[in-house]
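Read the structure below first, then the notes.
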Amino acid sequence: MSHKLKVGELKEHYLTDEEIWRIFTVVLSSKSAKSSTYKYALIKALIENLYQVNDRFELTYDQLAYSFTKVYWNLIVQHNLIKQNRGKNARVVTIIKEIQSKYQIPAEFSFDKIAAQIQIKMVSEVKSTMKQNVFGALYGDTSEKFYAFDHKHDYFKLNPSVHSFMLNYQRLIVNLTNYHMAKMIEELNEVPSINYLLGKVETIARRSTLRPFEKVLLNHFKNSCFYCGKALSNGKRQTHVDHFIPWSFVQSDHIWNLVLSCSTCNGSKSDKLPKRYFLDSIIDRNNELIDKEEDANVMSFMKNYKDKKIILLYDYSIKNGFDQIWSPS
Numbered sequence: 026m027s028h029k030l031k032v033g034e035l036k037e038h039y040l041t042d043e044e045i046w047r048i049f050t051v052v053l054s055s056k057s058a059k060s061s062t063y064k065y066a067l068i069k070a071l072i073e074n075l076y077q078v079n080d081r082f083e084l085t086y087d088q089l090a091y092s093f094t095k096v097y098w099n100l101i102v103q104h105n106l107i108k109q110n111r112g113k114n115a116r117v118v119t120i121i122k123e124i125q126s127k128y129q130i131p132a133e134f135s136f137d138k139i140a141a142q143i144q145i146k147m148v149s150e151v152k153s154t155m156k157q158n159v160f161g162a163l164y165g166d167t168s169e170k171f172y173a174f175d176h177k178h179d180y181f182k183l184n185p186s187v188h189s190f191m192l193n194y195q196r197l198i199v200n201l202t203n204y205h206m207a208k209m210i211e212e213l214n215e216v217p218s219i220n221y222l223l224g225k226v227e228t229i230a231r232r233s234t235l236r237p238f239e240k241v242l243l244n245h246f247k248n249s250c251f252y253c254g255k256a257l258s259n260g261k262r263q264t265h266v267d268h269f270i271p272w273s274f275v276q277s278d279h280i281w282n283l284v285l286s287c288s289t290c291n292g293s294k295s296d297k298l299p300k301r302y303f304l305d306s307i308i309d310r311n312n313e314l315i316d317k318e319e320d321a322n323v324m325s326f327m328k329n330y331k332d333k334k335i336i337l338l339y340d341y342s343i344k345n346g347f348d349q350i351w352s353p354s
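Next comes the structure, spelled out in structure tokens:
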């Protein structure tokens, strides 16, 4: 009955890759009891926040609940995949549908388009459900070795060995989690095929717009392409926001991994890594952002950023198969 636990301590602090793989295999298999898709959604939330941990490998419940809520909003409301539980509706489904109805939010609205105060209310309610049914359940399935948690203090700490493992094998873990989550959703809902669902599950964490980040970057930096340096305008070189390290690897939107780009560079770069010398440029740019202490928005976006995070992200993306290196022609 680990899902009822209010506190969970780490049983072991050091695990080998082989031990972690063995536990992950159990979590993704039928050996792990799953009455709902909650465990998969928590793994997706962890992946989205891998580069948001502080120096003690801690995350807040709010960070995880935000990502968790976004996953379900986009599945339930945007894609009408209501059944996320065997038997009665999952509590998260009820929360989301009630809030959508109360505030008359259109089904085509992705999570990031919802008003901030409504997002906060929804995340708060979902967080309460996660405390009852999610944190303890996955904790038990991972043999109490992947993370520690404490509901009273909204405290969550990843095992450093697990954090390193997830960085190293991120792409594979993402693909495995997406596949098994899609397979379960297919069993619960009447949908055409698992291939149809995989496309939905793979993109539920993606924002519909990067406009808020674009505004911040335009406010603090000159309107020129990060890669080729040419001025951006409303003409052929219109402004794009590009993920410096591809979204398909990062699986999240952080301003410290976003740059202004012209349409030519954005289209040409696509899902490739920029040449390593651009890494120095984005680190310099990010340090300029950190200096904007008077801008609360920027400070919020840059929380827990360290130069080493984007360097690690670059190196781990290559290890995960993103080895096509690009530079402007």
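For the sequence shown, this note's numbering assigns the number 26 to the initial residue and increments by one for each residue that follows.
Heads up, the beta-carbon is just placed ideally off N, CA and C, and yes, glycines get one too.
Being a predicted model, the structure only gives us computed values, none of them experimental.
Going by the beta-carbon positions, is the gap between residue i and residue j smaller than 7 Å?
{"i": "N214", "j": "L106", "result": "yes"}
{"i": "V275", "j": "F251", "result": "no"}
{"i": "N244", "j": "L257", "result": "no"}
{"i": "F269", "j": "I315", "result": "no"}
{"i": "L304", "j": "Y339", "result": "yes"}
{"i": "N402", "j": "N79", "result": "The requested residue 402 is not part of the displayed model; the chain covers only 26 to 354."}
{"i": "V187", "j": "F171", "result": "yes"}
{"i": "H176", "j": "K331", "result": "no"}
{"i": "L35", "j": "N184", "result": "yes"}
{"i": "K294", "j": "Q349", "result": "no"}
{"i": "T94", "j": "M155", "result": "no"}
{"i": "I45", "j": "F181", "result": "no"}
{"i": "D267", "j": "S286", "result": "yes"}
{"i": "S168", "j": "I48", "result": "yes"}
{"i": "Y164", "j": "I143", "result": "no"}
{"i": "S354", "j": "K300", "result": "no"}
{"i": "A132", "j": "V102", "result": "yes"}
{"i": "I280", "j": "F238", "result": "yes"}
{"i": "D179", "j": "Y86", "result": "yes"}
So what does residue i bridge to, in DSSP terms?
{"i": "K182", "result": "E83, A173"}
{"i": "V32", "result": "D175"}
{"i": "T369", "result": "Absent from the structure is residue 369, since the part of the chain shown begins at 26 and ends at 354."}
{"i": "A256", "result": "S249"}
{"i": "N110", "result": "S61"}
{"i": "W351", "result": "P299"}
How far does the alpha helix (DSSP H) with residue i in it extend, from its first residue to its last?
{"i": "V284", "result": "Looking at the DSSP string, V284 is not in any alpha helix (DSSP H); the run it does join, the beta strand (DSSP E), is 283-287."}
{"i": "H205", "result": "195-213"}
{"i": "Y302", "result": "302-315"}
{"i": "G165", "result": "160-166"}
{"i": "Q125", "result": "116-127"}
{"i": "A140", "result": "From DSSP, A140 is part of no alpha helix (DSSP H); its letter is neither H nor E."}
{"i": "K333", "result": "332-344"}
{"i": "A321", "result": "321-326"}
{"i": "L53", "result": "42-53"}
{"i": "F269", "result": "Counting along the chain, F269 falls outside any alpha helix (DSSP H), and DSSP gives it neither H nor E."}
Shorter than 6 Å, the distance from the beta carbon of residue i to the closest heavy atom of the ligand NAP, or not?
{"i": "F181", "result": "You won't find the ligand NAP in this model; it holds no ligand whatsoever."}
Does the beta carbon of residue i come closer than 7 Å to any beta carbon on chain D?
{"i": "H265", "result": "Structure shown: chain D not included; a single protein chain is present."}
- Touching by the beta-carbon criterion (3+ pairs, under 8 Å), the stretch 136-156 and the stretch 48-61: no
- Message: Across the stretch 108-116 and the stretch 127-144, are there enough close Cβ pairs to call them in contact, namely three or more that are closer than 8 Å?
- Response: no
- Message: With three or more C-beta pairs closer than 8 Å as the rule, is the stretch 36-43 touching the stretch 61-73?
- Response: no
- Message: Taking 8 Å as the cut-off, does the stretch 71-85 touch the stretch 117-131 (at least 3 CB pairs, one atom from each stretch)?
- Response: no
- Query: When the Cβ atoms of the stretch 97-106 are set against those of the stretch 191-199, are three or more pairs found closer than 8 Å?
  - Reply: no
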